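Asker:
Protein chains: 4
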Amino acid sequence: MTATTTVPPGPAAPRRGRPRDAQAEQAILQATVALLSEVGFNQLSIEAVAARAGVGKPTIYRRWPSKAELVLDAVDRLAPPFPTADTGDPLTDLRQIIPELLVRLTSSPVARATIALAGDPEMVSRLGERYLRPRREATADILHRAIAAGELRADIDVEMAIDMMVGALVYRWLVTAQPVDADTARRVVDMVWESLRAPGR
Amino acid sequence: MTATTTVPPGPAAPRRGRPRDAQAEQAILQATVALLSEVGFNQLSIEAVAARAGVGKPTIYRRWPSKAELVLDAVDRLAPPFPTADTGDPLTDLRQIIPELLVRLTSSPVARATIALAGDPEMVSRLGERYLRPRREATADILHRAIAAGELRADIDVEMAIDMMVGALVYRWLVTAQPVDADTARRVVDMVWESLRAPGR
Amino acid sequence: MTATTTVPPGPAAPRRGRPRDAQAEQAILQATVALLSEVGFNQLSIEAVAARAGVGKPTIYRRWPSKAELVLDAVDRLAPPFPTADTGDPLTDLRQIIPELLVRLTSSPVARATIALAGDPEMVSRLGERYLRPRREATADILHRAIAAGELRADIDVEMAIDMMVGALVYRWLVTAQPVDADTARRVVDMVWESLRAPGR
Amino acid sequence: MTATTTVPPGPAAPRRGRPRDAQAEQAILQATVALLSEVGFNQLSIEAVAARAGVGKPTIYRRWPSKAELVLDAVDRLAPPFPTADTGDPLTDLRQIIPELLVRLTSSPVARATIALAGDPEMVSRLGERYLRPRREATADILHRAIAAGELRADIDVEMAIDMMVGALVYRWLVTAQPVDADTARRVVDMVWESLRAPGR
DNA sequence: TTATAAACGAGACGGTACGTCCTGTCTTTTA
DNA sequence: TAAAAGACAGGACGTACCGTCTCGTTTATAA
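Residue numbers (my numbering), protein chains in the order written: chain A, 6 to 206; chain B, 6 to 206; chain C, 6 to 206; chain D, 6 to 206.
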């Protein structure tokens, strides 16, 4: 999604004047990502992004009102494509989707930089809406399928289950400052699955 | 612990010249905490801290080498006192210690500001050493007692169990931007406990 | 004269395409004059002129290559109509023409703005050619008539005499930042006339 | 005179904190003068002055609130030392002082740049107070001595006489964009002197 | 009548400079 | 000798204009 400040009123809005340069936008986002992984969020300056992208500063400010918004867009643009799985077996799906998601996330060059956004509550909710929600919903679907199939208890708190799986891994990554490997991720999935299993299965 | 750059050579060292003003140090830390909760880590400036504390900038730089170190100290100084529990029953202990810890943590005015420190891997490890480790170890002790008592399986990964409990709650707090209440924390504890219980108990 | 960059090749050149909008030109010049008297030459921006005139910036740049040229044209367009006099008596003519000229000049809203153009030698010569020369020549004519009539000495430096009259008044206006009144102007004329009078008259 | 914004309250005011660097001030004024003669007032940027002087921009803004004030000070600092004369004969004094003053003024590398200041009435009065007034008064003294000696009429307007001499020459320099030579200046002095001479001398 | 050509307003473009704020250091006076 | 005060060189901020360049839309002559 593009962070245009003025949204065109409709599909047939003519947008007078010279249109915005799509190449410039690409160059800015790429420069942002490159610099994020080089110097981190706090040391990132709009000035440097403009220089690296070969673009004037106003061209950046015309599109994004702040550094945080720019980084939000850049991270979003660069987010690893969401892994999906529907093998018919929910546990297999989970064992595939969660490790892949977390491994990708925590090995992304901008992942840690993204954390700095979490200092601002507003940014957290923006990140949540654009980045986390779709991934959460896919995971929730799998769990609901498992409940429908009788594999998991019917009274479980699906949201909490997701928080346990994702939270444990993200927290571990954050605190230990080391990437999360697929094996660890799978063990977490199994532990949570075990604690939610329907009795007698 | 105070981050003095020049450590006194011994307990009986007279330290020539005018001694450092302990009041100034207090004022600086208090001003830091106040500003952290007002404007957040990213917007916090040494300049503003000095002004609010009624202190010169060099007085701050003499004691702390960077904004991050200053914040680290301020957060540490303000950290809620660590809750302990040893009722004899490990589950009761966990049900007491974890909710109290998390509720305090996530309602602290500087909690969110602390997150911003996580953007810098160096700061993460510093935070971990000074703040998280003692709390982790107390929790690990409880789990080890439970294993020794035969209440939990002997082959469990204690570190991972802690990450699941704490991570789930921290992640939920971060992502939903809402405080964590004692009831939610207790449910997480119970879920994890259940998944680790020794068979037949 | 309008400072068109591309001069039409002749009076009967049809110039294909849409002709330039005369209304736009008027609006631009008027906006220029208005802004000149409001903010002065140095603070005048093409951007503001375009906005005030309800015109795009290229429409201005298409006609005038620089701010100085635009202001030159605007000043020229607004110059007070040149007073003339030929009563038969040169002193009477001078007493009429010089005060009127100077009073008009120094009370014009753009007069002071014009001074700023004098910072650029190129602009000075342009201003001289277009604005000052015709007025100078009319004044010189009067002095020459006076010489021919034997009222002034034959060996006087006419150019210098003009500089004394006009220069004294312009300088006074510039330095005292007050308008020049007709009475003062007439006294200057009389002083200079006196110092140039033919002996025995 | 130095354009310190905050004037020390008295001669014995200690002024706590690090004092302003006199070398920096010199470097700034010299850089200003150099750039003025290179690019003129309108093209002069504070940025370039700071770079040339090897100084941070705030160091300039701490001392001078605007480009105009800085230039005013630089011009003042560079003003040619005021020529004086008191030979006993007022006409000789005038013939000496006026040409020297005007020749110096109009040949200074920053003279034309100074003209741009005249676009702002405020600057004109500042310039007048600091630069023109003392020179005017010296000239007025000579004329008053001549009146007292009976060489000039008692009823003359001294201010106007000065405006005629100085104004004619400045105007000529401005309009013809050529330097004023000593001979021309002397002829102007003589013309004005002649028109003011007491009858019978 | 239909191209073709040029001007129109709007507004984005790469830039430069603005004047402000903050950085981390250095220098002075006071205690 | 550390304190406060405050100036220092430097660098990034976000803004205002610069002068140029598309855009899509008139408006007029030429084919």
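Think of the CB as a built atom: it goes at the ideal place given N, C-alpha and C, for glycine as much as any other residue.
The structure displayed is predicted, hence computed values, not measured ones.
Would you say Tyr136 (chain D) reaches chain C, if we count a Cβ-Cβ gap shorter than 8 Å as a contact?
Answerer: Stepping through the fourth sequence from its first residue, residue 136 (chain D) is reached at position 131. No, no contact with chain C.
Asker: Output the distance between the C-alpha atoms of Ala190 (chain C) and Ala58 (chain D), rounded to the nearest integer angstrom.
Answerer: Residue 190 (chain C) sits at position 185 when you count from the first residue of the third sequence. Residue 58 (chain D) sits at position 53 when you count from the first residue of the fourth sequence. Cα-Cα distance, rounded: 47 Å.
Asker: Run through DSSP, which three-state label would Arg202 (chain D) get?
Answerer: Here residue 202 (chain D) refers to the residue found at position 197 of the fourth sequence. The answer is strand: DSSP assigns Arg202 (chain D) an E or B state.
Asker: Given Arg158 (chain A), which residues of its chain have a CB within under 8 Å of its CB, disregarding the five upstream and five downstream residues?
Answerer: Position 153 of the first sequence, counting from 1, holds the residue named residue 158 (chain A). Closer than 8 Å at Cβ, skipping near neighbours: Ile152, Leu201, Arg202, Ala203 and Pro204.
Asker: Could you pull out every unbroken alpha helix (DSSP H) segment of at least 4 residues lying fully inside the segment 53–98 of chain B, listed in chain order?
Answerer: Those alpha helix (DSSP H) runs which fall completely within the segment 53–98 of chain B and span 4+ residues are 62–68 and 72–83.
Asker: Over what stretch of residues does the alpha helix (DSSP H) that includes Ile161 (chain C) continue unbroken?
Answerer: Counted from its first residue, the third sequence places residue 161 (chain C) at position 156. Per DSSP, Ile161 (chain C) belongs to no alpha helix (DSSP H) and is neither H nor E.
Asker: Whole angstroms are fine: how far does the CA of Arg141 (chain D) sit from the CA of Ala84 (chain D)?
Answerer: Position 79 of the fourth sequence, counting from 1, holds the residue named residue 84 (chain D). Position 136 of the fourth sequence, counting from 1, holds the residue named residue 141 (chain D). So the alpha carbons of these two residues sit roughly 15 Å apart.
Asker: Could you name the residues of the same chain whose beta carbon sits closer than 6 Å to that of Pro114 (chain D), not counting the 5 residues immediately before and after it, in chain order?
Answerer: For the purposes of this step, residue 114 (chain D) is taken as residue 109 along the fourth sequence, with counting starting at 1. Ser42, listed in sequence order.
Asker: Just tell me which of D:Asp160, D:Arg131 and D:Ile167 has its CA closest to the CA of Ala145 (chain D).
Answerer: Working through the fourth sequence from its first residue, we reach residue 145 (chain D) at position 140. Considering only alpha carbons, the answer is D:Ile167.
Asker: Tell me which residue opens and which closes the alpha helix (DSSP H) that Val38 (chain B) is part of.
Answerer: Indexing the second sequence from 1 puts residue 38 (chain B) at position 33. Segment Ala27 to Gln48, the alpha helix (DSSP H) holding Val38 (chain B).
Asker: Ignoring anything shorter than 4 residues or poking outside the segment 115–168 of chain D, list the alpha helix (DSSP H) runs there in chain order.
Answerer: DSSP runs (the alpha helix (DSSP H)) wholly in the segment 115–168 of chain D: 116–120, 126–132 and 138–153.
Asker: Taking Cβ-Cβ distances shorter than 7 Å, what residues in chain B pair up with Asp168 (chain A)?
Answerer: Your numbering for residue 168 (chain A) matches position 163 in the first sequence. What Asp168 (chain A) touches in chain B: Ala173, Tyr176 and Arg177.
Asker: Ala187 (chain D) by DSSP, collapsed to three states: which one?
Answerer: The sequence position of residue 187 (chain D) within the fourth sequence is 182, counting from 1. Residue state, collapsed to three classes: helix.
Asker: Heavy atom of the ligand GTP less than 7 Å from the Cβ of Lys72 (chain D), yes or no?
Answerer: Summarising the ligand content, the structure contains no ligands, and the ligand GTP is consequently not present.
Asker: Helix, strand or coil for Pro24 (chain A)? Go by DSSP, reduced to three states.
Answerer: Position 19 of the first sequence, counting from 1, holds the residue named residue 24 (chain A). Pro24 (chain A): coil per DSSP, three-state reduction.
Asker: With distances taken from CA atoms, which of D:Thr119, D:Asp195, D:Lys72 and D:Ala143 is nearest Phe87 (chain D)?
Answerer: Position 82 of the fourth sequence, counted from the first residue, corresponds to residue 87 (chain D). Checked all of D:Thr119, D:Asp195, D:Lys72 and D:Ala143; the closest Cα to Phe87 (chain D) is D:Ala143.
Asker: Closer than 8 Å, CB to CB, is Ala143 (chain C) near chain D or not?
Answerer: Against the third sequence, residue 143 (chain C) aligns to sequence position 138. Output row for Ala143 (chain C): interface = no.
Asker: Taking its Cβ as the centre, do 16 or more other Cβ atoms sit within 10 Å of Pro14 (chain D), making it buried, or is it exposed?
Answerer: Translated into the one-based positions of the fourth sequence, residue 14 (chain D) becomes position 9. Legend: pLDDT at Pro14 (chain D) = 40, less than 50; position of this residue unreliable, no value from coordinates given.
Asker: Taking DSSP as the reference, what is the three-state secondary structure of Ala182 (chain A)?
Answerer: Here residue 182 (chain A) is taken as the residue at index 177 of the first sequence, counted from 1. In this structure, Ala182 (chain A) counts as coil in the three-state DSSP scheme.
Asker: Exposed or buried, what is Arg23 (chain A) when buried is set at 16 or more other beta-carbons lying within 10 Å of its beta-carbon?
Answerer: Here residue 23 (chain A) refers to the residue found at position 18 of the first sequence. Exposed, because fewer than 16 other Cβ atoms sit within 10 Å of the Cβ of Arg23 (chain A).
Asker: Can you pull the chain C residues whose beta carbon is under 9 Å from the beta carbon of Arg113 (chain D), in chain order?
Answerer: Reading the fourth sequence from its first residue, position 108 is the one you call residue 113 (chain D). Reading the sequence as shown, one finds Ser at residue 113 (chain D) and not Arg. Going along chain C, no residue has its Cβ under 9 Å from Ser113 (chain D), so there is no contact; the nearest lies around 14 Å.
Asker: Measuring CB to CB, does Leu40 (chain C) end up less than 8 Å from Val60 (chain C)?
Answerer: Locating residue 40 (chain C) in the third sequence gives position 35, counting from the first residue. Locating residue 60 (chain C) in the third sequence gives position 55, counting from the first residue. Not in contact: Leu40 (chain C) and Val60 (chain C) (Cβ atoms no closer than 8 Å).
Asker: At a CB-CB cut-off below 8 Å, which residues of chain A make contact with Asp125 (chain B)?
Answerer: Here the question's residue 125 (chain B) lines up with position 120 in the second sequence. Those are Gly45 and Asn47, listed as they occur along chain A.
Asker: Taking its Cβ as the centre, do 16 or more other Cβ atoms sit within 10 Å of Val44 (chain C), making it buried, or is it exposed?
Answerer: Mapped onto the third sequence, residue 44 (chain C) falls at position 39. Classification for Val44 (chain C): exposed.
Asker: I'd like to know whether the C-beta of Gly205 (chain C) is nearer than 8 Å to at least one C-beta of chain D.
Answerer: As a first step, residue 205 (chain C) is located in the third sequence; it is residue number 200 there, counting from the start. So, not an interface residue.
Asker: By the three-class DSSP mapping on this structure, what secondary structure does Ser113 (chain A) have?
Answerer: In the first sequence, the residue the question calls residue 113 (chain A) occupies position 108. Reduced to three states, the DSSP call for Ser113 (chain A) is coil.
Asker: If the cut is a Cβ gap below 9 Å, which residues of chain A does Gly133 (chain B) touch?
Answerer: Here residue 133 (chain B) is taken as the residue at index 128 of the second sequence, counted from 1. Near Gly133 (chain B) (Cβ distances below 9 Å), the residues of chain A are Val180, Thr181 and Ala182.
Asker: Taking a cut of 7 Å between CB atoms, which residues from the segment 90–122 of chain C lie near chain D?
Answerer: Answer set for the segment 90–122 of chain C: Arg117, Ala118, Ile120 and Ala121.
Asker: Does the separation of the CB atoms of Ala173 (chain D) and Ala173 (chain C) fall below 8 Å?
Answerer: If you number the fourth sequence from 1, residue 173 (chain D) lands on position 168. If you number the third sequence from 1, residue 173 (chain C) lands on position 168. Their beta carbons are under 8 Å apart, which means Ala173 (chain D) touches Ala173 (chain C) by this criterion.
Asker: Is Arg192 (chain C) close to chain D? Criterion is C-beta to C-beta, closer than 8 Å.
Answerer: Sequence index remark: in the third sequence, residue 192 (chain C) carries index 187 (1-based). By this cut-off, Arg192 (chain C) is an interface position.
Asker: Mind checking if Ser200 (chain A) is an interface residue toward chain B, Cβ cutoff 8 Å exclusive?
Answerer: Residue 200 (chain A) sits at position 195 when you count from the first residue of the first sequence. True, the Cβ-Cβ gap to chain B drops below 8 Å.
Asker: For Val129 (chain D), which residues in chain C fall below 8 Å Cβ to Cβ?
Answerer: Position 124 of the fourth sequence, counted from the first residue, corresponds to residue 129 (chain D). Those are Leu179, Val180 and Ala182, listed as they occur along chain C.
Asker: What separation, rounded to the nearest whole angstrom, lies between the Cα atoms of Ala182 (chain D) and Val129 (chain C)?
Answerer: Residue 182 (chain D) sits at position 177 when you count from the first residue of the fourth sequence. Residue 129 (chain C) sits at position 124 when you count from the first residue of the third sequence. Computed Cα separation, rounded: 7 Å.
Asker: When we look at the beta-carbon of Glu52 (chain C) and count the other beta-carbons within 10 Å, is it buried (16 or more) or exposed?
Answerer: Position 47 of the third sequence, counted from the first residue, corresponds to residue 52 (chain C). Glu52 (chain C) should be labelled exposed.
Asker: On the premise that Val180 (chain B) lies in contact with Leu228 (chain A), defined as a C-beta separation below 8 Å, what is that separation, rounded to the nearest angstrom?
Answerer: There is no way to answer for residue 228 (chain A), as the model of chain A reaches only from 6 to 206.
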